Structure formats: structure tokens, C-alpha cells
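Notes to accompany the following structure.
Residue numbers (my numbering): 25 to 335.
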């Protein structure tokens, strides 16, 4: 029994190895062009958002890596791209056909841009996020079979009403600003009150947004933005006035210090002049003393003629 199992295993492995591999496509890169991407509280996730009636744009790069199936030798073959098709889960196909087809040599890469208009929320409801699949339709050169095995799928496409889209943009604009500014020290009571009002309106808007009341959410987000702008304006004016006052204070202090230094310099000069006066006064008395001594010496000296007469 064990020998039979050992014999069967190699047969199974060989069968697996010779199963033809399907032709494999390469949409190497996919991107929405100029989208509005952000966090959506209603869906609870990050979405690619388009307002109903606006144009959506997709850009893809395709590599022709079509390889003939086994058995060897396997070779790369040229293809002709006949269309790029996008399917959305509301049941619509959006096709971009090429006439004549776009020729691609083996391993050649080409970029394709596809666009169309976003339907109304009556066609594509905004109550959930939509899935989509992009297909590259091609024909291998020398064949007449249209293949669509090159594809790219996603599940983050949101169709929004105008109020939903405006709330979406306002929320993503305010969420980081509110959190940052409310943590800043404001030196104005009025600015702090305005900031508190902005925070209240912002949180009310979030709650309405989560519940799907997009018009109410938009109103509260707009109020939050207004209060926020006013708070920043008041804070800036107050800060500028405070800075001007401090500058005047320091200028006055510097001026007073300068005056004090001038007064001290005058006092020092006066003291120096006084010192010079006492020096000259002392020198004068010294010279007078020397004069008196000289005068006394000269006065007491005996003339030589008188000395001779006495002898």
C-alpha cells in the first residue's frame, strides 16, 4: 500500500507541472488622476471621492508580458490592445475603445488614460463605497480571440452628493487644524472663546456626518471654520499689540539705561576734574613751600664783604 502511494505522488507532481499556465497580464501601475482622497466618517474609511456629475480619471501603465503557454519553448508575442474597460458595481461599463488597436511589442510598456462622468447618486448610491475593476482587452498577434485577463480591482470609490462632498472636504481640512490650534496657548480671552465655539461646531458636524445628515454637517463645519478664522485673527491682533507694547517697554528701558549711563559718565568726569583740582592745589602749595625755603636760605646767608671787615 505504501509503495502504491509512493508511486502515485510523482505522477501527481508531474501532472501539476504540465498544467498550462494562463496567459498573465501586467497592469503594472494604477492611479486616480487628480482625485479627492481622504477620511470619510460616514463610511469609516479612506475613500477616493467624486461628486456626482464630475469627471473621474484613471491612468494605468501596461506591460506586454504575454508569454505563450507550455510546452516549451515559450516566447513573448506582440499584442494589439483593442480597449480599456472599467466596470463599477452599480452595473455600468465604461469603455474606451481604440480604432485602430494599439500595437505593443513584447515587453513594451504603454500608459493609458481613461475618463468618464460620475453618475448621480440615484444611479450609484452614496450609502456605500463602490468596487471597480479595470480590464485591458487585447488580441495576440496572429489570433482573433479577444482576451480580458489583464485587470486591476479596487473597492474605495465613493460617489457623493454636493453636501456630502463639501462636508468631506471641510472635515479633512479642519480635523488637523482644530486639533493643533486648540492645544496652542492663546493670550486672548476672546480668541479662546472663539476657539471653544469652533471646537463645539466641529464636533457637532462630525456627529451629523457619521449619521449621514450631510447638509447639517456642512453647516456646522462651515460655522467651525468661521469661528476658527476669527479666533486666529483676534489672536494675531492681540499678539501684535502685546509685541508692540513689549517693544516700547524695552525701548524705554534701553533709553533710560542710556540716560543713566550718561549721568554716571558726567559724574565720573566731575570726580576726575575734582581730582585734577586737588592735584593742582597740592602742587601749588608744594611750589609755595619750596619758594619759602629758597627765600629763607637766601635771607640768612652772610655777605663776604662783611666777613672781611670783621677779620
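Backbone N, C-alpha and C fix where the C-beta goes; we use that ideal spot for every residue, glycine too. Treat the numbers as computed from the prediction; the structure is a model and nothing was measured.
Taking a contact to mean a Cβ-Cβ separation below 9 Å, would you say residue 67 touches residue 182 in this structure?
yes
Closest by CA to residue 63, which one among 137, 196 and 160?
Relative to the Cα of residue 63, the nearest Cα in the group 137, 196 and 160 belongs to 196.
Can you give, in chain order, each stretch of the alpha helix (DSSP H) that sits fully within the segment 191 to 270 and has at least 4 residues?
Listed in chain order, the complete alpha helix (DSSP H) runs (minimum 4 residues) inside the segment 191 to 270 are 213 to 234.
Contacts around residue 251, its chain only, beta-carbon distance under 7 Å, and the 5 residues preceding and following it disregarded
218, 221, 222 and 225
Proximity test, residue 63 beta-carbon vs the ligand HEM heavy atom, cut-off 8 Å:
Of the ligands one can find in the structure shown there are none, so the ligand HEM has no counterpart to examine.
Once DSSP output is grouped into helix, strand and coil, what is the label at residue 146?
coil
Which listed residue (111, 51, 146 and 65) has its alpha carbon closest to that of residue 234:
If we check each option's Cα against that of residue 234, 65 comes out closest.
Tell me whether residue 48 is buried or exposed, calling it buried when 16 or more other Cβ atoms sit within 10 Å of its Cβ.
Because the pLDDT of residue 48 is 44, which lies under 50, any placement of that residue in the model is unreliable, and the number read from its coordinates should be weighed accordingly. That one is exposed.
Would you decide whether residue 244 is buried or exposed? Buried here means 16 or more other CB atoms lie within 10 Å of its CB.
buried
Own chain partners of residue 57 with C-beta closer than 6 Å, once the 5 adjacent residues on each side are dropped:
81 and 83
Work out the CA separation of residue 157 and residue 115 for me, nearest whole Å.
For residue 115 and residue 157, the gap between their C-alpha atoms comes out near 12 Å.
Assuming residue 51 and residue 175 form a contact by the criterion Cβ under 8 Å, report the distance between their Cβ atoms to the nearest whole angstrom.
7 Å
Extent of the continuous beta strand (DSSP E) to which residue 344 belongs
Missing from the structure shown is residue 344; the chain here goes from 25 to 335 and no further.
Helix, strand or coil at residue 161 [DSSP, three-state]
strand
My guess is that residue 126 and residue 104 are in contact by the Cβ rule of under 8 Å, so how many angstroms apart are they, rounded?
7 Å
Tell me the DSSP bridge mates of residue 53?
85
Do residue 59 and residue 73 have their C-beta atoms within less than 9 Å of each other?
yes
Flag this pair as yes or no: are the beta carbons of residue 128 and residue 159 separated by less than 9 Å?
Between residue 128 and residue 159, the CB-CB gap reaches or exceeds 9 Å.
Please name the residue, chosen from 112, 169, 55 and 255, that lies closest to residue 153 on a Cα-to-Cα basis.
112
List the residues that DSSP assigns as beta-bridge partners of residue 182.
73
Could you check which residue in 213, 144 and 124 has the C-alpha nearest to that of residue 186?
144
Residue burial classification, residue 53 (beta-carbon count within 10 angstroms, cutoff 16)
exposed
State the start and end residues of the unbroken beta strand (DSSP E) segment that holds residue 166.
No beta strand (DSSP E) holds residue 166; DSSP gives it neither H nor E.
Given that a residue counts as buried once 16 or more other Cβ atoms are within 10 Å of its Cβ, and exposed if not, what is residue 135?
The C-beta of residue 135 has fewer than 16 other C-beta atoms within 10 Å across all chains shown, which makes the residue exposed.
Which of the three DSSP states is assigned to residue 289 in this structure?
helix
Nearest candidate by alpha-carbon position, reference residue 167, set 122, 141 and 102:
102
Quick one: what's got a C-beta closer than 8 Å to residue 193's C-beta in the same chain, skipping five residues either side?
60 and 62
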